[in-house]
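Trainee: Those protein sequences? They're chains A and B, same order as listed. The numbering used here runs 6 ahead of the 1-based position in the first sequence. The numbering used here runs 6 ahead of the 1-based position in the second sequence. Note that the Cβ used here is the ideal one computed from N, Cα and C, for glycine as well. Computed from a predicted structure; not experimentally measured. The structure follows.
Protein chains: 2
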Amino acid sequence: IAEVKGAGKTYQTGDTVITALQPSNMQIKKGELLLIIGPSGSGKTTLLSLLGCVLYPTQGDVYIGGVKASGLSENELAKLRLQKIGFVFQNFNLIQPLNAEDNVMLPLKLQGVSDAIARERANQALGIVGMLDRKKNLPKQLSGGQQQRVAIARALVTNPELILCDEPTASLDPKSVEVVMKELKTLVGQGSSMAIVTHDMRLRPFADRVIYVDQGVVSDTEPEQGL
Amino acid sequence: IAEVKGAGKTYQTGDTVITALQPSNMQIKKGELLLIIGPSGSGKTTLLSLLGCVLYPTQGDVYIGGVKASGLSENELAKLRLQKIGFVFQNFNLIQPLNAEDNVMLPLKLQGVSDAIARERANQALGIVGMLDRKKNLPKQLSGGQQQRVAIARALVTNPELILCDEPTASLDPKSVEVVMKELKTLVGQGSSMAIVTHDMRLRPFADRVIYVDQGVVSDTEPEQGL
Ligand SMILES: Nc1ncnc2c1ncn2[C@@H]1O[C@H](COP(=O)(O)OP(=O)(O)OP(=O)(O)O)[C@@H](O)[C@H]1O
Ligand SMILES: Nc1ncnc2c1ncn2[C@@H]1O[C@H](COP(=O)(O)OP(=O)(O)OP(=O)(O)O)[C@@H](O)[C@H]1O
Ligand SMILES: [Mg+2]
Ligand SMILES: [Mg+2]
Numbered sequence: 007i008a009e010v011k012g013a014g015k016t017y018q019t020g021d022t023v024i025t026a027l028q029p030s031n032m033q034i035k036k037g038e039l040l041l042i043i044g045p046s047g048s049g050k051t052t053l054l055s056l057l058g059c060v061l062y063p064t065q066g067d068v069y070i071g072g073v074k075a076s077g078l079s080e081n082e083l084a085k086l087r088l089q090k091i092g093f094v095f096q097n098f099n100l101i102q103p104l105n106a107e108d109n110v111m112l113p114l115k116l117q118g119v120s121d122a123i124a125r126e127r128a129n130q131a132l133g134i135v136g137m138l139d140r141k142k143n144l145p146k147q148l149s150g151g152q153q154q155r156v157a158i159a160r161a162l163v164t165n166p167e168l169i170l171c172d173e174p175t176a177s178l179d180p181k182s183v184e185v186v187m188k189e190l191k192t193l194v195g196q197g198s199s200m201a202i203v204t205h206d207m208r209l210r211p212f213a214d215r216v217i218y219v220d221q222g223v224v225s226d227t228e229p230e231q232g233l
Numbered sequence: 007i008a009e010v011k012g013a014g015k016t017y018q019t020g021d022t023v024i025t026a027l028q029p030s031n032m033q034i035k036k037g038e039l040l041l042i043i044g045p046s047g048s049g050k051t052t053l054l055s056l057l058g059c060v061l062y063p064t065q066g067d068v069y070i071g072g073v074k075a076s077g078l079s080e081n082e083l084a085k086l087r088l089q090k091i092g093f094v095f096q097n098f099n100l101i102q103p104l105n106a107e108d109n110v111m112l113p114l115k116l117q118g119v120s121d122a123i124a125r126e127r128a129n130q131a132l133g134i135v136g137m138l139d140r141k142k143n144l145p146k147q148l149s150g151g152q153q154q155r156v157a158i159a160r161a162l163v164t165n166p167e168l169i170l171c172d173e174p175t176a177s178l179d180p181k182s183v184e185v186v187m188k189e190l191k192t193l194v195g196q197g198s199s200m201a202i203v204t205h206d207m208r209l210r211p212f213a214d215r216v217i218y219v220d221q222g223v224v225s226d227t228e229p230e231q232g233l
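The following block contains the structure:
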């Protein structure tokens with residue numbers, strides 16, 4: 007469903023070049039829940055951003071459902087993202103002037119879904135993550151964990167084939183983690199594929215497969231020094 | 007060192023009133039490391055913001071080192087905060103146009119410390135959290151965990167009597183957690199007091215005391231349903 011081939015990312019800041027990700031090969035299989043684990047600054051968000059078509063690779067290619075995403079224009083890429091991918095960002099990225107309900111409705115409205123249906127589906131998604139009673143609140147009126155749950159609802163609302171989550175449980179208490187992970191696992195059972203970047207060992211039991219990232223290198227085996 | 011007496015916080019949004027925190031009594035003792043645990047949306051950040059003089063209580067009082075903080079003007083409160091308190095916010099709150107080194111130097115420069123000394127102490131704090139090699143980078147050039155470590159360095163650099171941390175390890179891998187917590191524990195040993203809001207059970211072994219917050223109520227004992 008998603009694959010990177012020799013994909014790497016470097017940043018040029020002033021006269022230094024930072025390698026966020028070494029050229030890497032990996033893929034997400036259809037219907038699997040993949041965990042991506044690794045130390046802080048190792049390249050996890052970079053890998054997820056390449057898979058999510060949020061970043062262009064400096065080298066190599068990204069394929070989503072067989073389509074070579076790294077060759078598409080910005081507009082075509084945005085369309086592919088809207089149709090196929092749900093993304094939970096590490097810092098939530100909620101649109102501040104919009105309330106929780108409007109934030110969750112937005113991807114559907116961009117797809118051309120009518121207001122009434124978009125509102126109904128948004129309420130369903132907010133209900134799943136336990137945020138229905140706060141749907142009229144703005145992001146800054148919500149706690150960290152509440153904002154994270156709204157961000158998760160927004161990523162799920164379009165029923166995307168590929169769901170990419172960057173530390174989706176970092177601000178959540180154990181009970182919320184159970185609720186969210188059970189829901190995500192059900193979606194995978196219904197055919198979605200999912201990759202989750204995390205430091206949270208509470209998520210290991212839910213995973214079908216785990217890969218590790220360390221200093222920009224992706225591998226199937228846990229690095230020597232342990233995590 | 008810090009205490010709330012009958013302190014509560016409510017928000018009025020449209021025609022509904024949300025109680026973020028019921029009138030509560032609690033204190034942080036000198037030289038202790040206190041953990042504050044509770045479900046998402048229960049009022050942890052609100053309690054910490056009252057203790058950190060970032061929010062005024064709707065009722066009740068807050069005392070910092072014997073001074074009634076809830077009766078001070080905005081300016082006096084900002085001065086008290088600068089002199090006595092280091093705060094690690096849940097969303098880091100780094101100043102985006104400033105690089106990591108300048109972010110960490112800022113509290114010292116506001117205290118009137120000379121540029122040279124402020125730079126030296128900032129480099130020391132960045133070294134402790136393993137971020138010296140990235141000190142010239144802007145926040146958006148850093149990963150989530152790297153930004154969190156810069157935010158921790160900024161809270162420590164003025165050697166405050168009271169250090170308040172809101173989920174300081176949410177974006178950190180196990181190794182970084184060890185490094186950060188050992189450092190925080192050393193500071194407590196040297197006389198600082200600390201309160202840490204967290205869902206991260208990795209922090210329990212470092213704590214001297216744990217309090218629980220559930221639906222706006224602060225208590226010493228773990229609520230029935232467990233966390
Ligand atoms: N500005 C505001 N306006 C309205 N309600 C607010 C505001 N700020 C916080 N709240 C509400 O107060 C309650 C407590 O929020 P708080 O941020 O203290 O929770 P928390 O325990 O830190 O949660 P988390 O673990 O998710 O960070 C929540 O229901 C939240 O939505
Ligand atoms: N815009 C940028 N400019 C320069 N360097 C960057 C940029 N974005 C990321 N980096 C660097 O690339 C490396 C990988 O970052 P990435 O965000 O992928 O890490 P991560 O594994 O997600 O870490 P964390 O667990 O802390 O979130 C880091 O060293 C980071 O500082
Ligand atoms: Mg990251
Ligand atoms: Mg909070």
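1) From A:78, A:108, A:117 and A:7, pick the residue whose C-alpha is nearest to that of residue 70 (chain A); which is it?
2) Mind checking who residue 218 (chain B) pairs with in its DSSP beta bridge?
3) Please indicate yes or no: does the CB of residue 65 (chain A) lie closer than 6 Å to some heavy atom of ligand 4?
4) For residue 211 (chain A), does the three-state DSSP call read helix, strand or coil?
5) Check the Cβ-Cβ distances between residue 51 (chain B) and every residue of chain A, and say whether any is below 7 Å.
6) Are at least three pairs of beta-carbons, each pair with one atom in the segment 176-189 of chain A and one in the segment 121-132 of chain A, less than 8 Å apart?
7) Straight-line CA distance for residue 185 (chain A) to residue 87 (chain B)?
8) How about residue 102 (chain B): is its C-beta nearer than 7 Å to some C-beta of chain A?
9) Just list the alpha helix (DSSP H) runs in the segment 95-121 of chain A, keeping only unbroken ones of 4 residues or longer that don't cross its boundaries, in chain order.
10) When DSSP labels each residue in this structure, what does residue 7 (chain B) get in the three-state scheme?
11) Whose C-alpha, out of B:54, B:159, B:146 and B:76, is nearest the C-alpha of residue 62 (chain B)?
12) At what residues does the beta strand (DSSP E) containing residue 68 (chain B) begin and finish?
13) How would you list, in chain order, the residues of chain B whose beta-carbon sits under 9 Å from the beta-carbon of residue 31 (chain A)?
14) Find out if the Cβ-Cβ distance for the pair residue 158 (chain A), residue 94 (chain A) is shorter than 7 Å.
15) Helix, strand or coil, according to DSSP, for residue 190 (chain A) in the structure here?
16) Can the beta-carbon of residue 9 (chain B) be found less than 7 Å from the beta-carbon of residue 214 (chain B)?
17) Please report the residue range of the beta strand (DSSP E) in which residue 26 (chain A) lies.
18) Taking only the alpha-carbon atoms, compute the straight-line gap between residue 52 (chain B) and residue 164 (chain A) and give it to the nearest angstrom.
19) Beta carbon of residue 159 (chain A): closer than 6 Å to some heavy atom of ligand 1?
20) Run the Cβ filter for me: residues under 7 Å from any heavy atom of ligand 3, listed in the order they occur in the chain.
21) At a CB-CB cut-off below 8 Å, which residues of chain A make contact with residue 211 (chain B)?
22) Considering only residues of the same chain and omitting the five flanking positions on each side of residue 90 (chain A), which have a CB-CB separation below 8 Å?
23) Does any CB atom of chain A fall closer than 7 Å to the CB of residue 174 (chain B)?
24) Tell me where the alpha helix (DSSP H) around residue 199 (chain B) begins and ends.
25) Label residue 105 (chain A) either buried or exposed according to how many other C-beta atoms from any shown protein chain fall within 10 Å of its C-beta, with 16 as the threshold for buried.
26) Could you check whether the Cβ of residue 225 (chain A) sits closer than 7 Å to any Cβ belonging to chain B?
27) Output the distance between the C-alpha atoms of residue 96 (chain B) and residue 44 (chain B), rounded to the nearest integer angstrom.
28) Ligand 1 and residue 19 (chain B): does the residue's C-beta get closer than 6 Å to at least one heavy atom of that ligand?
29) Going by other Cβ atoms of all chains shown within 10 Å of its Cβ, with 16 needed for buried, is residue 74 (chain B) buried or exposed?
30) On the DSSP letters alone, give me the boundaries of the beta strand (DSSP E) that residue 83 (chain B) sits inside.
31) How many whole angstroms separate the CB atoms of residue 36 (chain B) and residue 102 (chain B), which I take to be in contact at a CB cut-off of 8 Å?
32) Where does residue 179 (chain A) sit, in a helix, a strand or coil, going by DSSP?
33) In this structure, does DSSP put residue 153 (chain B) in helix, strand or coil?
34) Would you say residue 150 (chain A) and residue 177 (chain A) are within 7 Å of each other, going by their C-beta atoms?
35) Go through its chain and collect everything with a Cβ distance to residue 16 (chain A)'s Cβ below 6 Å, but skip five positions before and after it.
36) Quick one: measure Cβ to Cβ for residue 141 (chain B) and residue 173 (chain B), integer angstroms, because I've assumed they're closer than 8 Å.
Mentor: Let me lay it out:
1) A:7
2) B:43 and B:225
3) no
4) In this structure, residue 211 (chain A) counts as helix in the three-state DSSP scheme.
5) For residue 51 (chain B), the answer is yes, since a Cβ of chain A falls inside 7 Å of its Cβ.
6) No, the segment 176-189 of chain A does not touch the segment 121-132 of chain A.
7) 38 Å
8) no
9) Inside the segment 95-121 of chain A, DSSP marks whole alpha helix (DSSP H) runs of 4 or more residues at positions 106-116, from first to last along the chain.
10) coil
11) Cα-wise, what sits closest to residue 62 (chain B) is B:76.
12) Looking at the DSSP string, the run of the beta strand (DSSP E) that includes residue 68 (chain B) is 65-70.
13) The contacting residues do not exist; residue 31 (chain A) stays about 22 Å from chain B at best.
14) yes
15) helix
16) At the C-beta level, residue 9 (chain B) and residue 214 (chain B) stay beyond 7 Å of one another.
17) Segment 22-34, the beta strand (DSSP E) holding residue 26 (chain A).
18) 33 Å
19) no
20) A:50, A:51, A:96, A:172, A:173, A:203, B:149, B:150, B:151 and B:177
21) Here the premise fails: no neighbours, minimum Cβ distance about 15 Å.
22) The answer, listed in chain order, is 70, 71, 166, 167 and 168.
23) no
24) Run containing residue 199 (chain B): none in the alpha helix (DSSP H); it sits in the beta strand (DSSP E), 199-203.
25) Residue 105 (chain A) should be labelled buried.
26) no
27) 15 Å
28) Result yes, Cβ under 6 Å from ligand 1.
29) Flag for residue 74 (chain B) reads exposed.
30) For residue 83 (chain B), no beta strand (DSSP E) encloses it; the enclosing alpha helix (DSSP H) starts and ends at 80-90.
31) Taking C-beta atoms under 8 Å as the contact rule, residue 36 (chain B) and residue 102 (chain B) fail to qualify, at a distance of about 36 Å.
32) coil
33) Of the three classes helix, strand and coil, the one that applies to residue 153 (chain B) here is helix, per DSSP.
34) yes
35) 23, 25 and 64
36) At roughly 24 Å, the Cβ-Cβ gap does not stay under 8 Å, so residue 141 (chain B) and residue 173 (chain B) are not in contact.
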